[in-house]
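What follows is one structure encoded as structure tokens, with my remarks underneath.
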Amino acid sequence: MSDPRTFVIVGGGLAGAKAAETLRTEGFEGRLALIGAEAELPYERPPLSKSYLAGESTLAEARVHDRSFYDEHDVELVAGAATTLDVPSREVGLADGTRIGYDRLLIATGAVPRRPPIDGADLDGVRVLRTVADADALREVIRRRGRLAVIGAGWIGSEVAATARSQGADVALIEHADTPLQHVLGPQLGAFFADLHRGHGVRMAMGATVTRIEAGPRVVLADGSAIDADALGLGVGVAPATALAQAAGLHVEDGVVADAQLRTSADGVFAAGDVASVFHPRYARHVRVEHWANAADQGAAAARSMLDRGEAYTKVPYFFSDQYDLGMEYFGLHARGDRLVVRGDLAEACFRAYWIGPDGTITAGMHANDWDAGDPIRQLVERRAPAEALDATEPQAGRRPSVTPRSRSCTRCCCAGHTTSWRAGATRSPTSRRASSGTSRPRRPTTPSSRSSPSSRRSAARAGSRRGRTSSSCSRRA
Ligand SMILES: Cc1cc2nc3c(=O)[nH]c(=O)nc-3n(C[C@H](O)[C@H](O)[C@H](O)COP(=O)(O)OP(=O)(O)OC[C@H]3O[C@@H](n4cnc5c(N)ncnc54)[C@H](O)[C@@H]3O)c2cc1C
């Protein structure tokens, strides 16, 4: 090896694996160690609440890379949790006494699910969902079409409920707010998601306060009612896995604090993914994002910074979710008080939504089941377009949302079979459909063509096949 340096990555998730990949593709020839606490090769988590949970895809399909990738690229996979980080001597330690010195270090330790301070939250049968082992436990109840209660109707809780219900389980969704996803999307779109779940037969306990969990498990609510289940899923959010960084004296504040090039407060130490609170020039503040595209993109960006080829990380946040036949994508970052504008038809589950900030510009946008909408929405958000731009770009401009459900793009995309392997019942790679994030996945296909333009990847999505999905909101309408 011509490069005498050692680069170490702590955290074998998506961000860590993408960083390793990028270091090699960018030509790093030194020693490269990837330390991972899980027994598995790095894998992607979105399928854990979707196709994998439904029993319709495998762990192998979720892997970021096959084992051969790490062998061929000389990436040393070190099994175990890093327990110590000695910044002055530039050394990482594992519980078994192994010490690895580093020249550059990436912290990509992700996040850990929160457990609410409720009596019984740690009982047997009460599961969080972060790892494949967690998914396996819930999957078993779903396979038996048992009774599943889910506390927390955020993204993961909502997806688990949708997947379990789609597979025939008896599902109760319990949420403190009045609707699912209220804290992220607000009450109007929250009500839309509440209707979506109700329409699929999920028992909805909204505005509910859980007082305790009893063996069974049984969820006891403040109004005196109780929900009995065979298993209970907790989806009440995650906390950044900062213990290692904190103990090492790094600046930690809702995540490992990093500058725009993902450099932490310690020399030679970088951070990426769910654990990183990164200064974002666009928002002029630190932002921590707990989503797939951010982990992939920041992993790659951190690798370039480690090689002194870094640039400010300026990507607009992006995330997606799949629930039943509904797929959505969101771009940007809106604040609580931003004004919501909906174009399309909520009742038809085919719409675009935009948030307008106090200065009149579009701060964020999302679509549901409208697969041509991703790129235009992203562009509007990226260029901070004024709200008036919606009238110029929206096919439904100037009309009442409720009378314009038949958006050309909705009809076309939904009828042409867009789908994703991360969604219950689907068969194919999500590579193309998630094109709008601007982030491509290297795994399927593994050739450079997978980094093709968003539109070509989306075309590939449309050409894909569907399995076990006979209708979607848009196609029903068409
Ligand atoms: C069930 C589920 C569904 C999701 N669905 C979506 C979705 O639909 N859309 C979306 O945009 N995002 C989704 N996400 C979020 C997305 O998966 C995460 O943002 C992404 O996994 C973050 O990647 P990461 O590499 O930063 O962290 P992680 O994936 O958490 O990986 C971190 C890894 O580091 C390891 N680690 C931690 N501490 C140490 C240590 N001290 N030593 C060694 N290893 C350590 C952990 O064990 C873990 O394997 C989902 C997440 C989950 C859990």
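Numbering (my numbering), first residue to last: 4 to 481. Glycine is no exception: its CB is placed at the ideal position from the N, C-alpha and C atoms.
- For H337, the Cβ stays outside the 7 Å cut-off from all heavy atoms of ligand 1.
- In this model, A261 and L253 are separated by some 10 Å (Cα to Cα).
- At a threshold of 7 Å, R48 counts as near ligand 1, since its beta carbon sits closer than that to one of the ligand's heavy atoms.
- When only Cα atoms are considered, T212 and A242 end up about 21 Å apart.
- A distance below 8 Å separates the beta carbons of R285 and T317.
- Around the beta-carbon of E75, fewer than 16 other beta-carbon atoms lie within 10 Å, marking it exposed.
- A distance criterion of 7 Å places the beta-carbon of F273 beyond contact range of ligand 1, judged by its closest non-hydrogen atom.
- Residue environment analysis places P379 among the buried positions, since at least 16 neighbouring C-beta atoms fall within 10 angstroms of its C-beta.
- Rounded to the nearest whole angstrom, the C-alpha separation of V144 and D173 is 10 Å.
- R307 has its alpha-carbon roughly 41 Å from the corresponding atom of G347.
- R221 and R201 have their C-alpha atoms some 21 Å from each other.
- The Cβ atoms of A390 and G363 lie closer than 8 Å to each other.
- The beta carbon of A98 sits no closer than 7 Å to any heavy atom of ligand 1.
- For A218, the number of other beta carbons within 10 angstroms of its own is below 16, and it is reported as exposed.
- Judged by their CB atoms, A275 and A18 are nearer to each other than the 8 Å cut-off.
- Here D348 is bridged, per DSSP, to C353.
- Taken through DSSP and simplified to helix, strand or coil, M309 comes out as helix.
- Within the chosen limit of 7 Å, ligand 1 does not reach the beta carbon of R201 with any heavy atom.
- For A42, same chain residues with a beta-carbon under 8 Å away, outside a window of 5 residues either side, are A82 in chain order.
- The straight-line gap separating the alpha-carbon atoms of L188 and G258 is approximately 23 Å.
- For E385, the uninterrupted alpha helix (DSSP H) run begins and ends at G377 to E385, by DSSP.
- Taken through DSSP and simplified to helix, strand or coil, H200 comes out as helix.
- Taking non-hydrogen atoms of ligand 1 into account, the C-beta of V384 is found less than 7 Å away from none of them.
- Within the segment 144-191, the runs of beta strand (DSSP E) that reach at least 3 residues and sit entirely inside it are, in chain order, 150-154 and 173-177.
- L51 is bridged by DSSP to nothing; it lacks a bridge partner.
- With respect to G113, D277 sits close: the two C-beta atoms are nearer than 8 Å.
- T112 has its CB nearer than 7 Å to a heavy atom of ligand 1.
- D6 counts as exposed, since fewer than 16 other C-beta atoms from the protein chains shown sit within 10 angstroms of its C-beta.
- Taking a contact as a CB-CB distance under 8 Å, the pair I159 and L141 does not count as one, their CB atoms being some 11 Å apart.
- Residue pairing by DSSP places S280 opposite V260 in a beta bridge.
- For the 8 Å CB-CB criterion, R150 and L237 do not form a contact.
- Distances taken from the Cβ of F10 to the heavy atoms of ligand 1 include none shorter than 7 Å.
- For T112, the secondary structure class from DSSP, reduced to helix, strand or coil, is coil.
- Looking at the backbone, the Cα of V135 and that of G128 are separated by about 16 Å.
- Counted as a single uninterrupted DSSP element, the stretch harbouring R291 is not any beta strand (DSSP E), since DSSP gives it neither H nor E.
- In the structure shown, E64 falls within a helical segment according to DSSP collapsed to helix, strand and coil.
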